[in-house]
Amino acid sequence: MNPYAALLISVALCGVVATLMLVMSWLLGPKRPTEVKLQIFETGNPPIGSLRGHRFPVKFYLVAILFVVFDIEVVFMYPWAVAYRGLGWFGLAEMAVFVGILAVGLAYVWRVGALDWD
Amino acid sequence: MILFWIVAIISVASALTVVLHRNPVYSALALVVALFQVAVVFVVMQAHLIALLQVIVYAGAIVVLFLFVIMLLSLEPDVPRPGRYGMRAGAITLAAFLGIELAAAALASQPSPDTLLPPDYGSTKQVAERLFTTHLLPFELTSVLLLAAVIGAVVLARRRA
Amino acid sequence: MDVIIVVAKALVALVICLQVTVLLLWVERKGSALIQDRVGANRANLFGGLLPFNLGIVNTFIADPVKLFHKEDIVPAEADQFLHWLAPWLAVFPLFLTFAVIPFGDVLVLGGREINLQAVELGGGLLFVLAMVSLGVYGVIVGGWASNSRYALLGGVRGSAQMVSYEVGMGLALVSVALTYGTLDLQTINREQGALMWGFLPAWGVFYQPIAFVLFFIAGMAESKRAPFDLPEAESELVAGFQTEYSGSKMSMFMMADFIEVAIVAALVTTLFFGGWQIPYLQRDGFHFPGGFGFAVPSLAVTVLQIVSFLVKLFVFCWFQILIRWSLPRLRYDQLMSLGWKRLLPVALANVVVTAVLVLALEGWTT
Chain A
741 MNPYAALLIS VALCGVVATL MLVMSWLLGP KRPTEVKLQI FETGNPPIGS LRGHRFPVKF
801 YLVAILFVVF DIEVVFMYPW AVAYRGLGWF GLAEMAVFVG ILAVGLAYVW RVGALDWD
Chain B
24 MILFWIVAII SVASALTVVL HRNPVYSALA LVVALFQVAV VFVVMQAHLI ALLQVIVYAG
84 AIVVLFLFVI MLLSLEPDVP RPGRYGMRAG AITLAAFLGI ELAAAALASQ PSPDTLLPPD
144 YGSTKQVAER LFTTHLLPFE LTSVLLLAAV IGAVVLARRR A
Chain C
4 MDVIIVVAKA LVALVICLQV TVLLLWVERK GSALIQDRVG ANRANLFGGL LPFNLGIVNT
64 FIADPVKLFH KEDIVPAEAD QFLHWLAPWL AVFPLFLTFA VIPFGDVLVL GGREINLQAV
124 ELGGGLLFVL AMVSLGVYGV IVGGWASNSR YALLGGVRGS AQMVSYEVGM GLALVSVALT
184 YGTLDLQTIN REQGALMWGF LPAWGVFYQP IAFVLFFIAG MAESKRAPFD LPEAESELVA
244 GFQTEYSGSK MSMFMMADFI EVAIVAALVT TLFFGGWQIP YLQRDGFHFP GGFGFAVPSL
304 AVTVLQIVSF LVKLFVFCWF QILIRWSLPR LRYDQLMSLG WKRLLPVALA NVVVTAVLVL
364 ALEGWTT
């Protein structure tokens, strides 16, 4: 059977089970909303200031960008790994160039200190 | 055929959500849905490896990046602004041109004859073999492109420091 | 008929996933109690004292989940309603799906049919697992954002930054596995580990890729935000991190996601590095010991034995993760990130290069 049809069946099954779990406490639990319960929990004190406009450290953005770049690198390596035996030493050289260039990038990021304090 | 229509409807609906919704986080999530539809289309076209890569890279990494940026900037949900009609008129005109062009291209193209695809088509091994032999230069250039992206991002992000 | 078989397999995979998760909750509680020299949860009774003894295991299996599901589902007024509902679903769904591609046995010969015991037989199984892990980040991000609470958002962003950093490491560790076996299909990788090295040593992945095993294990634990990498849910520091504003079954879903990931890491480690359902010297028709002798075993018994072996190995690695959790102190966030980017990533890259060189140099190194 087409594996993707099996995948679809699995997706449907997992989706249904996940949804069931999600609504269970909504179905089964009591519903007594009070003012205090609906507030956001900030160790007992009322939350100060709005969340919008709150500045976030830029290093998170850097981590995400680095992730995208290295994820793409990893993703290129998979087809290479599968076809590797057919590509021989030349294949190794190709990938070495690819990894080398990106390793330069990693080294730069490391030296500049973008990987610190995170 | 049914699958195509389902995918098409969901794609268009989610793409419209991306563009039209006020809350940017919803737009990003709708983008994920749209990207999944693209992955399904890839599977139908026998491009199995690309479908998986689409999910890993696009839906799994790039939209995460988008979400980080949205949260970083604490983007407010969009409010409709009065005025600015000039921009809107310009945008609609350009979009109309694009639409007409796409329609013309689609209608003018001939459906490709039903060739028998080799059994390995689109599989990881086959794509890999092509990628690393015939299309080696684009592959190596990609690494340079990624390097540029990394350095650019670091330079931009640390400008304030 | 085909459909029924697939549905049955998918159900089995899901059931394994759910049961292991529930069991892990109990094992975690009792195991941590064992390690910390205390008794652990052992009070559970019916109707306030019907039975004259306490049923500890009932506590975790039944009482705890039932209690959580019956809690009131509180959504803060300021929170984004739709996203608040969506986040736990997003956290759990990709993890359920990952189990669908993990082979839990070889083949089941039923009425002349050979049923491959893998719910979804994807040729690119390894990449599919990576894709599902990538999707797991969304539960954390959306969960943190949806609550519209400072603690939650901070926890969410930090958690997802952590997950994302170790995803690269995981991916790279698995590249060397793909290099070794030349395929991405989990069942094929599993089958190839049935071979024997030098005539007597089972060709398990860990012998070929010890470094990748260590890397993947560490990255997997960090990915599932499990101690010593559990800062996003640092129970004493950020309240409950991105899970702060969740109650009832939504919170239990986040907790479940934690345990399911433990099970997934364990399942992947067994499949890729420890032979999965392979029992050394056992093949489809019986045992073949290296000395030359062997005895036949009926194929149904072989299948059952192999499934049991898979589950046993799964538990061993789940237990190992629990052991590590309760033995090591928590890493600070910057230590965590620096481990991921500065140590794991270069080592994984080096491992890939070395593996590649070795594969070519010892042409025909694996089957």
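Chains as they are written, first to last, in this note's numbering: chain A, 741 to 858; chain B, 24 to 184; chain C, 4 to 370.
Beta carbons: idealized from backbone N, C-alpha and C, even for Gly.
Query - DSSP three-state assignment for residue 117 of chain C, whether helix, strand or coil - result: Within the third sequence, residue 117 of chain C is the residue found at index 114, counting from 1. The answer is strand: DSSP assigns residue 117 of chain C an E or B state.
Query raised in the report: Under 8 angstroms between the Cβ atoms of residue 259 of chain C and residue 18 of chain C?
Result: For this step, residue 259 of chain C is matched to residue 256 along the third sequence. For this step, residue 18 of chain C is matched to residue 15 along the third sequence. No, these two residues do not count as a Cβ contact at 8 angstroms.
Query raised in the report: Given 8 angstroms as the limit, is there contact between the segment 261-268 of chain C and the segment 315-335 of chain C, that is, 3 or more CB pairs closer than that?
Result: yes
Requested in this report: Tell me, please, which residues DSSP counts as bridged to residue 835 of chain A.
Outcome: As a working note, residue 835 of chain A is residue 95 in the first sequence. Per DSSP, none; premise fails for residue 835 of chain A.
Query raised in the report: Residue ranges of each alpha helix (DSSP H) run of no fewer than 4 residues wholly in the segment 153-227 of chain C, ordered along the chain?
Result: 153-184, 189-195, 208-211 and 213-226
Query raised in the report: Tell me the DSSP bridge mates of residue 297 of chain C?
Result: Translated into positions along the third sequence, residue 297 of chain C becomes position 294. DSSP lists C/291 as partners of residue 297 of chain C.
Report task. Give the range of the alpha helix (DSSP H) segment to which residue 44 of chain B is assigned. Result -> Start at 1 with the first residue of the second sequence, and residue 44 of chain B comes out as number 21. Premise fails: residue 44 of chain B is in no alpha helix (DSSP H) and is neither H nor E.
Query raised in the report: Taking the continuous alpha helix (DSSP H) assigned at residue 87 of chain C, which residues delimit it?
Result: Within the third sequence, the letter at position 84 stands for residue 87 of chain C. That run of the alpha helix (DSSP H) goes 84-102.
Report task. Please name the residues in the segment 109-139 of chain C whose beta-carbon is closer than 7 angstroms to at least one beta-carbon of chain B, in chain order. Result -> 126, 127, 130, 131, 133, 134, 137 and 138
Requested in this report: Decide if residue 312 of chain C is buried, meaning its Cβ has at least 16 other Cβ atoms within 10 Å, or exposed.
Outcome: As a working note, residue 312 of chain C is residue 309 in the third sequence. Result: buried.
Query raised in the report: Taking the DSSP output, what are the residues bridged to residue 111 of chain C?
Result: For the purposes of this step, residue 111 of chain C is taken as the residue at position 108 of the third sequence. Partner(s): C/118.
Requested in this report: Consult DSSP for residue 285 of chain C and reduce its assignment to one of helix, strand or coil.
Outcome: Position 282 of the third sequence holds residue 285 of chain C. In this structure, residue 285 of chain C counts as strand in the three-state DSSP scheme.
Query raised in the report: Ends of the alpha helix (DSSP H) at residue 82 of chain B?
Result: Numbered from its first residue, the second sequence carries residue 82 of chain B at position 59. Counting along the chain, residue 82 of chain B falls outside any alpha helix (DSSP H), and DSSP gives it neither H nor E.
Report task. Could you tell me which chain B residues have their CB closer than 8 angstroms to the CB of residue 811 of chain A, listed as they occur along the chain? Result -> The residue given as residue 811 of chain A occupies position 71 in the first sequence. Within chain B, the residues near residue 811 of chain A are 79, 80, 83 and 84.
Report task. At 9 angstroms on the CB atoms, spell out the chain A contacts of residue 30 of chain B, in chain order. Result -> Here residue 30 of chain B corresponds to residue number 7 of the second sequence, with the count starting at 1. Chain A residues near residue 30 of chain B: none, gap ~12 angstroms exceeds 9 angstroms.
Report task. Could you tell me the distance, in whole angstroms, from the CA atom of residue 197 of chain C to the CA atom of residue 205 of chain C? Result -> Residue 197 of chain C sits at position 194 when you count from the first residue of the third sequence. Residue 205 of chain C sits at position 202 when you count from the first residue of the third sequence. One C-alpha to the other measures close to 6 angstroms.
Report task. Could you name the residues of the same chain whose beta carbon sits closer than 8 angstroms to that of residue 59 of chain B, not counting the 5 residues immediately before and after it, in chain order? Result -> Indexing the second sequence from 1 puts residue 59 of chain B at position 36. Answer for residue 59 of chain B: 78 and 82, listed in chain order.
Query raised in the report: What three-state label does DSSP hand residue 316 of chain C in the structure shown?
Result: Reading the third sequence from its first residue, position 313 is the one you call residue 316 of chain C. Residue state, collapsed to three classes: helix.
Query raised in the report: Under a CB-based cut-off of 8 angstroms, is residue 755 of chain A close to chain B?
Result: Residue numbering aside, residue 755 of chain A sits at position 15 when the first sequence is read from its first letter. No, no contact with chain B.
Requested in this report: Give the residues of chain A in contact with residue 73 of chain B, contact being defined as C-beta atoms less than 7 angstroms apart.
Outcome: Here residue 73 of chain B is taken as the residue at index 50 of the second sequence, counted from 1. The contacting residues do not exist; residue 73 of chain B stays about 10 angstroms from chain A at best.
Query raised in the report: Nearest CA to the CA of residue 26 of chain B: which residue from B/63, B/43 and B/117?
Result: Looking up residue 26 of chain B in the second sequence gives position 3. The option with the nearest alpha carbon to residue 26 of chain B is B/63.
Query raised in the report: At a Cβ threshold of 8 angstroms, is residue 838 of chain A touching chain C?
Result: Here residue 838 of chain A is taken as the residue at index 98 of the first sequence, counted from 1. Judged by the 8 angstroms Cβ criterion, residue 838 of chain A is not in contact with chain C.
Requested in this report: Would you list, in chain order, the members of the segment 256-267 of chain C that have their beta-carbon closer than 7 angstroms to a beta-carbon of chain A?
Outcome: 256
Report task. Indicate whether at least one CB of chain B lies closer than 8 angstroms to the CB of residue 844 of chain A. Result -> Translated into the one-based positions of the first sequence, residue 844 of chain A becomes position 104. So yes, residue 844 of chain A belongs to the interface.
Query - Of the residues C/292, C/186 and C/330, the one placed nearest residue 129 of chain C, counting alpha carbons only - result: In the third sequence, residue 129 of chain C corresponds to position 126, counting from 1. Of C/292, C/186 and C/330, the residue nearest in Cα terms is C/186.
Requested in this report: Determine, using beta carbons only, whether residue 144 of chain C comes closer than 8 angstroms to chain B.
Outcome: Residue mapping note: residue 144 of chain C aligns to position 141 of the third sequence, counting from 1. Yes, residue 144 of chain C lies at the interface with chain B (some Cβ there is under 8 angstroms from its Cβ).
Query - Against chain B: residues of the segment 820-832 of chain A by CB proximity under 7 angstroms - result: 820, 822, 823, 826, 827 and 831
Query raised in the report: Under 8 angstroms between the Cβ atoms of residue 134 of chain C and residue 75 of chain B?
Result: Indexing the third sequence from 1 puts residue 134 of chain C at position 131. Indexing the second sequence from 1 puts residue 75 of chain B at position 52. Contact: yes.
Query - Coarse secondary structure for residue 35 of chain B, derived from DSSP in three states - result: Within the second sequence, residue 35 of chain B is the residue found at index 12, counting from 1. Residue 35 of chain B: helix per DSSP, three-state reduction.
Report task. Determine whether the Cβ of residue 174 of chain B lies closer than 8 angstroms to any Cβ atom of chain A. Result -> As a position in the second sequence, residue 174 of chain B is number 151, starting the count at 1. Output row for residue 174 of chain B: interface = yes.
Query raised in the report: Based on Cα-Cα distance, which residue from C/148, C/364, C/356 and C/363 lies nearest to residue 835 of chain A?
Result: Walking along the first sequence from the start, residue 835 of chain A turns up at place 95. Here the closest residue by C-alpha is C/356.
Query raised in the report: Using 8 angstroms as the Cβ pair cut-off and three pairs as the minimum, do the segment 346-353 of chain C and the segment 207-218 of chain C touch?
Result: yes
Query raised in the report: DSSP on residue 264 of chain C, reduced to helix/strand/coil?
Result: Position 261 of the third sequence, counted from the first residue, corresponds to residue 264 of chain C. Three-state DSSP puts residue 264 of chain C in a helix.
Query - Separation of residue 125 of chain B from residue 180 of chain B, as counted between CA atoms - result: By 1-based counting over the second sequence, the position of residue 180 of chain B is 157. By 1-based counting over the second sequence, the position of residue 125 of chain B is 102. The straight-line gap from Cα to Cα measures roughly 37 angstroms.
Query raised in the report: Comparing the C-beta of residue 818 of chain A with each C-beta of chain C, is any distance below 8 angstroms?
Result: Position 78 of the first sequence, counted from the start, is the residue given in the question as residue 818 of chain A. It does; some Cβ of chain C falls within 8 angstroms.
Report task. State buried or exposed for residue 328 of chain C, treating a residue as buried only when at least 16 other CB atoms are found within 10 Å of its CB. Result -> By 1-based counting over the third sequence, the position of residue 328 of chain C is 325. Buried, because 16 or more other Cβ atoms sit within 10 Å of the Cβ of residue 328 of chain C.
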